[in-house]
Structure formats: C-alpha cells, structure tokens
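Quick notes on the structure that follows.
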Amino acid sequence: MANQRNRGIICIILSSLSFAFMALFLRMAGDLPSIEKSFFRNLVSAVFAFIMLVRSKERFHIRKKENLYLFILRSLAGTLGIFCNFYAVDHLLLSDASCLNKLSPFFVIVFSYFLLREKITLFQSGCVAAAFIGSLFIIKPSFASSSLGASVIGFLGGMSAGFAYACVRKLGVRGERGPMIVLFFSLFSMIACIPFMIADFHPISGQQIVFLLLTGLAAAGGQFGITAAYTYAPAREISVYDYSQIMFSAIMGFFFFGQVPDGWSFVGYIVIVIAGVTMFFYNKKHGGD
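1 is the number of the first residue of the sequence shown in full-length UniProt numbering; add one for each residue after it.
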C-alpha cells in the first residue's frame with residue numbers, strides 16, 4: 001500500500017510539473033489570442049483521447065443519451081475555463097495564474113452540491129470561504145491594480161474548471177468513459193474556437209507552432225499524470241501534492257521572465273494552500289475522496 005501511495009505522489013507531482021511547463025510554453029508562444037492557443041492545446045488532447053479509444057477497441061459513443069446535456073455543460077464550462085486560464089497566464093505572473101486556477105477544487109465542492117447533492121459541511125464551507133479570501137489577496141480588487149481584469153478572469157477560470165470537474169464526476173458516476181469525455185470536450189472546444197479564429201486570425205510562426213504543440217503535450221502529460229496518480233491512491237492521500245504546481249510556476253516565472261510576486265500575492269498563496277492542506281487532512285480523517 002505504501003509503495004502504491006508513493007507512486008501516486010510521484011505521478012501527481014510530475015503532473016503538477018507538466019502543468020507548470022504548459023503555462024511556461026504557453027507564455028513563450030508569444031502574443032497570440034488565447035483562443036488560438038486553446039485550439040492547439042485541445043488538438044493535442046483530442047489526438048491522445050482518440051488514440052486511447054482506438055486502443056481500447058470500444059465504440060465512439062455516449063453510453064446513455066440522457067448524459068448528453070452533461071457532456072455539453074462540461075464542454076462549455078471547460079472551454080470557458082481554458083480561455084480564462086490561458087488569458088490569465090498571458091497577463092499575470094505564472095504563479096498568480098496557477099494559484100487562481102487551483103481554486104477549482106473548492107468550486108468542485110460547491111457545484112457538486114447542486115449536481116450530485118453531496119453535502120457540504122460547515123468545515124468545508126469555511127475552507128471554501130478561506131480560499132476565496134486568499135484569492136482576493138492575489139486579485140487585489142482596487143482600481144489601482146493594473147492586473148485587476150486579468151485576475152478576475154483567472155478567478156472565473158478556476159470557477160469554470162470547478163464546474164467542469166463536477167460534471168466529469170457526475171458523468172463518471174453515470175458510467176461514462178474518461179477518454180470519451182476528453183474527446184468530446186476537446187472537439188467541442190476546437191469547434192468553438194474556429195469562428196473566433198476566422199474573424200480575427202493572427203499569423204503563427206514556426207517557432208510559435210512548436211511552443212503551442214509543446215503546450216498541448218505538457219497539458220496531455222499533466223492530465224495523464226493526474227489520472228495515473230488517482231489510480232494508485234485515493235485523492236484524500238495525495239491531492240495535497242497538487243499544490244506543488246504553484247511552486248514550480250513561481251520558479252519558472254522567476255528564471256525565465258524575472259517575475260517576483262508581491263507581498264499580497266504571497267499572502268494569497270499561503271491562505272489558499274493552507275485551506276487546501278486543511279481540507280486534505282479533513283477529508284483524510286473522515287475517509288472522503
């Protein structure tokens with residue numbers, strides 16, 4: 001059991017490192033619209049999901065027609081989440097954008113109440129409130145903050161991702177396959193990008209294409225890593241290590257772009273991570289995944 005848990009920890013840390021590289025490559029792709037970047041990110045994910053379905057020799061179909069609306073809701077929220085997260089990565093410090101994206105687990109708790117009727121305890125409500133307060137230190141909601149708009153968009157990205165993950169959880173409970181969920185979402189998101197790309201297409205250089213493909217590969221690596229992690233060990237035992245992405249992003253932001261978070265952002269990181277770690281130990285004590 002300890003060996004399985006250690007493998008899970010290694011996988012989730014590698015996943016966090018991959019997602020940090022995704023943000024780095026995304027930033028290095030340069031001044032391109034977030035929608036064009038999203039298209040390439042989802043193109044790579046669609047290819048990987050397609051290969052997995054082909055190898056599994058299962059049919060390309062939704063198992064239950066009544067789940068179609070959940071596929072659509074998941075795809076809408078996931079697409080909005082990626083647009084917002086990519087915009088935040090382009091306009092904020094990498095560590096700020098990563099930390100705002102890490103609000104998604106707290107929003108999963110909130111949206112799971114509405115979608116799955118999962119009870120929210122008073123303790124969990126306190127952790128969600130603490131995470132929200134932590135996000136305010138990063139957003140710095142005052143007209144004096146030049147990054148206010150990007151910070152709010154990053155916050156909305158974390159919220160959208162939380163709703164998308166809650167939909168994924170409900171689809172999983174209803175017996176839908178992970179690769180099919182990823183493929184549907186990736187194709188949906190790519191199609192949603194096309195009208196915007198036609199209306200305002202920015203030429204892409206060869207170097208930018210390389211960085212965009214690396215973005216997609218890193219995102220796929222992160223997704224596979226986190227999926228593998230939770231096959232080795234339950235979330236209550238390893239999810240806390242997912243916050244290592246904030247540290248990786250801060251290091252990359254400093255060495256590649258000379259980014260140094262201000263004092264308020266550090267306070268926000270600490271509050272959000274403490275809320276996440278506290279939730280981790282609470283779930284572990286009460287046997288929740």
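Built from N, CA and C at the ideal position, the CB exists for glycine as well.
A direct Cα-Cα distance of roughly 26 Å separates proline 33 from phenylalanine 71. For asparagine 42, the uninterrupted alpha helix (DSSP H) segment begins and ends at 34-56.
In this structure, the straight-line span from the alpha carbon of tryptophan 264 to that of aspartate 242 is close to 22 Å. Judged by pairs of C-beta atoms under 8 Å, the region 59-67 does not touch the region 206-221, as fewer than three such pairs exist. A straight-line Cα-Cα distance of about 31 Å links asparagine 6 and serine 186. A direct Cα-Cα distance of roughly 10 Å separates cysteine 11 from threonine 231. Judged by their CB atoms, isoleucine 272 and alanine 88 are not nearer to each other than the 8 Å cut-off.
When C-beta atoms of the region 168-184 are compared with those of the region 47-55, three or more pairs fall below 8 Å, so the two segments count as touching.
In this structure glycine 222 does not touch cysteine 99 by the C-beta definition: roughly 16 Å separates them, more than the 8 Å allowed. Look at glycine 175 here: in three-state DSSP terms it is coil, with no helix or strand label. Pairing isoleucine 194 with leucine 80, the inter-Cα distance amounts to about 14 Å.
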